[in-house]
Amino acid sequence: MKKILLVINNQILLKIVQKNLQNEEINKNFTKLSKNIIQTKLKNLNDFIIQDLPDNIIHFLDSDDYLELDCIEKCVNEMSKDDIDICTHNIKEFLEEEQVFRQKAECDIYLNCKYTKNISGIDFFKKNNICEFYFAWQGAFRAKLLNIYKLRFTYGIYHEDHDFGTILFLSTKKITCVKEELLIYRIRANSIIKSEKEKIIPQSIPFYLEPLRYYFDDYSKLRAYFKAYCMCMIGANILLFCKESNILDKKLQNKIFLHYIHYYLEQYYPLNYLNIKDLFTLVGINLKLFRFKFMLRLYFRHPKKIFKKNNA
Numbered sequence: 011m012k013k014i015l016l017v018i019n020n021q022i023l024l025k026i027v028q029k030n031l032q033n034e035e036i037n038k039n040f041t042k043l044s045k046n047i048i049q050t051k052l053k054n055l056n057d058f059i060i061q062d063l064p065d066n067i068i069h070f071l072d073s074d075d076y077l078e079l080d081c082i083e084k085c086v087n088e089m090s091k092d093d094i095d096i097c098t099h100n101i102k103e104f105l106e107e108e109q110v111f112r113q114k115a116e117c118d119i120y121l122n123c124k125y126t127k128n129i130s131g132i133d134f135f136k137k138n139n140i141c142e143f144y145f146a147w148q149g150a151f152r153a154k155l156l157n158i159y160k161l162r163f164t165y166g167i168y169h170e171d172h173d174f175g176t177i178l179f180l181s182t183k184k185i186t187c188v189k190e191e192l193l194i195y196r197i198r199a200n201s202i203i204k205s206e207k208e209k210i211i212p213q214s215i216p217f218y219l220e221p222l223r224y225y226f227d228d229y230s231k232l233r234a235y236f237k238a239y240c241m242c243m244i245g246a247n248i249l250l251f252c253k254e255s256n257i258l259d260k261k262l263q264n265k266i267f268l269h270y271i272h273y274y275l276e277q278y279y280p281l282n283y284l285n286i287k288d289l290f291t292l293v294g295i296n297l298k299l300f301r302f303k304f305m306l307r308l309y310f311r312h313p314k315k316i317f318k319k320n321n322a
């Protein structure tokens, strides 16, 4: 392997294998701050990786988290054995408030997967019966995979690692998993709970929430709708990929799509804030008919749930 890149918060690049900067493009776009840290002012590091560094292996890392010292080495060794495209690993979860590790990681999406070794991305989804999936920092992948579908993180939404991870894995011929905890994921539970319960809308809110300010007087409800919108966008992105690539049967496509949009269908339809209905038009879905079929199926499976909602 010539180059291994560790991307931190889409701004800082840690190059582990090469001791010296030799690539002209790297010299032009990056500044070496110390032995192992290189800083960039590039606004879209993802584009740079796709266009100029296609032969690299990428491992994302959130600036709050930590890698075990041998994480990169173990991922690269595993990937070099049998032409592996993605190597995942397990994680430890550290509870910031209590200053303790969880006995069992709750965010480790691979922990309960039975089929993770030398398997295609499609078989990984089918055999493990996966609908909801995310991937960013829990493994390493070949940068060339990003070229297959011009894959990018969706900017300005919650859970942008869901459609990114799903499409990345479905595009992959072979993945594997190192069954070791190679990353420490820090969880600040109290701050998350506090922010989710905020009622008063602050004067300054993220730009992507600003268009919703005039529709809600409760910040928690505003963000709940935005989350439903984001899930619909993720579902639409995945369904569009499946239709264009024709790699999944229609039943599994619809199952994954429905998983992401059901919250909007149950809680917010027919609201159209942020032009959410355009997402369904984009993927050729008749929203009114689709929702009718969904509610009909929900009624036969959970009639009490429907009556409870109607009488609320």
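Heads up: the sequence shown begins at 11 in the working numbering, then just goes up one per residue.
Yeah, the Cβ is synthetic: ideal placement off N, Cα and C, and Gly gets one too.
Here the alpha carbons of residue 298 and residue 167 stand approximately 25 Å from one another. The way I'd put it, the segment 142–162 doesn't touch the segment 221–230; fewer than three beta-carbon pairs between them come closer than 8 Å. Secondary-structure assignment with DSSP links residue 179 through no beta bridge to anything.
Contact annotation: residue 131 and residue 182 have beta-carbon atoms nearer than 9 Å.
Its chain contains 111, 194 and 196 as the residues whose beta carbon lies nearer than 6 Å to that of residue 104, once the 5 sequence neighbours on both sides are disregarded; these appear in chain order. Each of 79, 250 and 84 was checked against the Cα of residue 186, and the nearest Cα belongs to 84.
Leaving aside the five residues that flank residue 177 on each side, the residues in its chain whose CB is nearer than 8 Å to its CB run, in chain order, 159, 161, 247, 248 and 251.
Boundaries around residue 150 are those of the beta strand (DSSP E), 149–152, since no alpha helix (DSSP H) includes it. Annotated as distal: residue 284 and residue 301, with beta-carbon spacing of 9 Å or more. The C-beta distance from residue 144 to residue 99 rounds to 15 Å, too long to fall under 8 Å, and the pair is not in contact.
Residue 226 sits in coil when the DSSP states are folded into three classes, being neither helix nor strand. Between residue 96 and the set 214, 216, 69 and 40, the nearest pair of CA atoms involves 69. Taking 8 Å as the upper bound for CB-CB distance, residue 138 and residue 184 are not in contact here, some 15 Å apart. Under the three-state reduction of DSSP, residue 187 is assigned to strand. With contacts defined as CB atoms closer than 9 Å, residue 243 and residue 164 qualify as a contacting pair. Separation of residue 291 and residue 67 (C-alpha to C-alpha, rounded to the nearest whole angstrom) is 36 Å. For residue 105, the secondary structure class from DSSP, reduced to helix, strand or coil, is strand.
In the three-state reduction of the DSSP assignment, residue 233 falls in the helix class, which pools H, G and I. Rounded to the nearest whole angstrom, the CA to CA distance from residue 121 to residue 146 is 16 Å.
In this structure, the beta-carbon distance from residue 135 to residue 262 falls below 9 Å. Around the beta-carbon of residue 305, fewer than 16 other beta-carbon atoms lie within 10 Å, marking it exposed. For residue 169, there is no enclosing beta strand (DSSP E), as DSSP gives it neither H nor E. Note on geometry: alpha-carbon atoms of residue 86 and residue 192 lie some 13 Å from one another.
With a cutoff of 9 Å on beta-carbon distance, residue 266 and residue 245 are scored as near each other. Inter-residue distance for residue 102 and residue 170 is about 22 Å (C-alpha atoms, whole angstroms). Counting C-beta atoms within 10 angstroms of its own C-beta, residue 116 has fewer than 16 neighbours from the protein chains shown and is therefore classed as exposed. In this structure, the alpha-carbon of residue 94 lies about 12 Å from that of residue 179. Spatial neighbours of residue 123 in its own chain (CB-CB distance under 7 Å, excluding positions within 5 residues in sequence) are listed in chain order as 138. Rounded to the nearest angstrom, the Cβ distance from residue 241 to residue 270 is 5 Å, consistent with a contact under 8 Å. Under DSSP, residue 110 forms a beta bridge with 105. Less than 9 Å separates the beta-carbon of residue 215 from that of residue 223.
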